[in-house]
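Colleague: Here you go, one structure.
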Amino acid sequence: MKRQLTITSEPVDEKALLAHRSISPMMGAAIYFLGVVRGTEGADAIASIDYEAFQPMVQHQFGLLFDQMEKRWPLESVRVVHRIGPVKVNEPSLWVEVVAPHRAEAFAACQWLIDEMKRVVPIWKKPLTA
Amino acid sequence: MTLIVRFHSYFKDLTGCAHTQENVSGGTTLEQFFQALCQRFPKLQPMRKSTLMAVGVEYQPADYVLKEGDEVSFFPPVQGG
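Protein chains in written order, with the numbering used here: chain A, 250 to 379; chain B, 207 to 287.
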């Protein structure tokens, strides 16, 4: 399974990511998820979220998750981009792509990865009001 | 032995620092180390139940016995995405 992880303070470049998409003839599903910063945190309006990451552990923990994905599903590739630093409302903070033979495993693997990321990958967010 | 301990997210605010060095005796567990740190940084104590503990880049349980050279991290629940 090909894997690509990008932790960046730069905006998610969807055009570039799509331009580099690779799908072999045996694959039948490519899905991607875009996580976008909401304008509210609880009841409060916010302007952005400041993301902090413990980067060496982020790399390691994502690697462990990718290892588990590879064992559970016949995936061809997974690509993840996560922003760090301030991300404005309406901007993407997370981009995940999974390529698989069928949609069922593609959706399941993508959902699982995001759920697990929110459980074990050391990234934190701090809402900013201005 | 001397250990490096790092704090992440709002634990930096609670302790007033991102990292520090601490001396601990052999056989000290992560739990004992955390409790000792709470003497110096009392704002950490109420966070104990939700605190995640790691050594290097691996999560470790509270009964992990610390070793020379360990880099310990304490932080609140993660919130990626």
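From the three backbone atoms N, C-alpha and C, an ideal C-beta is built for every residue, glycine too.
Output, in chain order, the set of chain A residues within a Cβ distance shorter than 9 angstroms of Phe281/B.
Modeller: As a first step, residue 281/B must be located in the second sequence, where it is residue number 75. By Cβ distance, chain A contributes Phe303, Pro371, Trp373.
Colleague: Can you tell me where the alpha helix (DSSP H) holding Pro267/B begins and where it ends?
Modeller: Counting from one through the second sequence, the residue named residue 267/B turns up at place 61. Run containing Pro267/B: none; DSSP gives neither H nor E here.
Colleague: Mind pulling the chain A residues with CB within less than 9 angstroms of Gly222/B?
Modeller: The sequence position of residue 222/B within the second sequence is 16, counting from 1. Result: empty, since nearest Cβ-Cβ is about 17 angstroms, beyond 9 angstroms.
Colleague: Among Met207/B, Arg254/B, Ser215/B, whose alpha-carbon lies nearest the alpha-carbon of Gly233/B?
Modeller: Sequence index remark: in the second sequence, residue 233/B carries index 27 (1-based). Comparing Cα-Cα distances from Gly233/B to each of Met207/B, Arg254/B, Ser215/B, the minimum goes to Met207/B.
Colleague: Just to make sure I have the definition right: I need the residues of chain B whose C-beta is within less than 9 angstroms of the C-beta of Leu343/A. Which are they?
Modeller: For the purposes of this step, residue 343/A is taken as residue 94 along the first sequence, with counting starting at 1. The answer, in chain order, is Gly286, Gly287.
Colleague: Please tell me whether Arg212/B has its Cβ less than 9 angstroms away from any Cβ of chain A.
Modeller: Taking the second sequence and counting its residues from 1, the one referred to as residue 212/B is at position 6. It does; some Cβ of chain A falls within 9 angstroms.
Colleague: What does DSSP give as the partner residue(s) for Val261/A in the beta ladder?
Modeller: Your numbering for residue 261/A matches position 12 in the first sequence. Paired residues: none, contrary to the question.
Colleague: Do you know how far the Cα of Pro376/A is from the Cα of Thr289/A?
Modeller: On the first sequence, residue 289/A is found 40 positions in, with the first residue counted as 1. On the first sequence, residue 376/A is found 127 positions in, with the first residue counted as 1. So the alpha carbons of these two residues sit roughly 9 angstroms apart.
Colleague: Quick check on this structure: which residue in Gly286/B, Arg254/B, Ala224/B has the alpha carbon closest to the alpha carbon of Gln241/B?
Modeller: Taking the second sequence and counting its residues from 1, the one referred to as residue 241/B is at position 35. With distances taken between Cα atoms, Gln241/B lies closest to Arg254/B.
Colleague: Do Ser297/A and Pro335/A have their C-beta atoms within less than 9 angstroms of each other?
Modeller: By one-based count along the first sequence, residue 297/A stands at place 48. By one-based count along the first sequence, residue 335/A stands at place 86. Yes, they are a contact pair.
Colleague: Measuring only the C-alpha atoms, how far is Met306/A from Arg352/A?
Modeller: Within the first sequence, residue 306/A is the residue found at index 57, counting from 1. Within the first sequence, residue 352/A is the residue found at index 103, counting from 1. Their Cα atoms are separated by approximately 30 angstroms.
Colleague: For Trp361/A, name the three-state secondary structure that DSSP assigns.
Modeller: The residue labelled residue 361/A in the question sits at position 112 within the first sequence. Reduced to three states, the DSSP call for Trp361/A is helix.
Colleague: So with CB distances below 9 angstroms, who are the chain B contacts of Met366/A?
Modeller: The sequence position of residue 366/A within the first sequence is 117, counting from 1. Correct list: Val284, Gly286, Gly287.
Colleague: Assign Gly286/B to one of two classes, buried (16 or more other C-beta atoms within 10 Å of its C-beta) or exposed (fewer than that).
Modeller: Position 80 of the second sequence holds residue 286/B. Buried is the call here.
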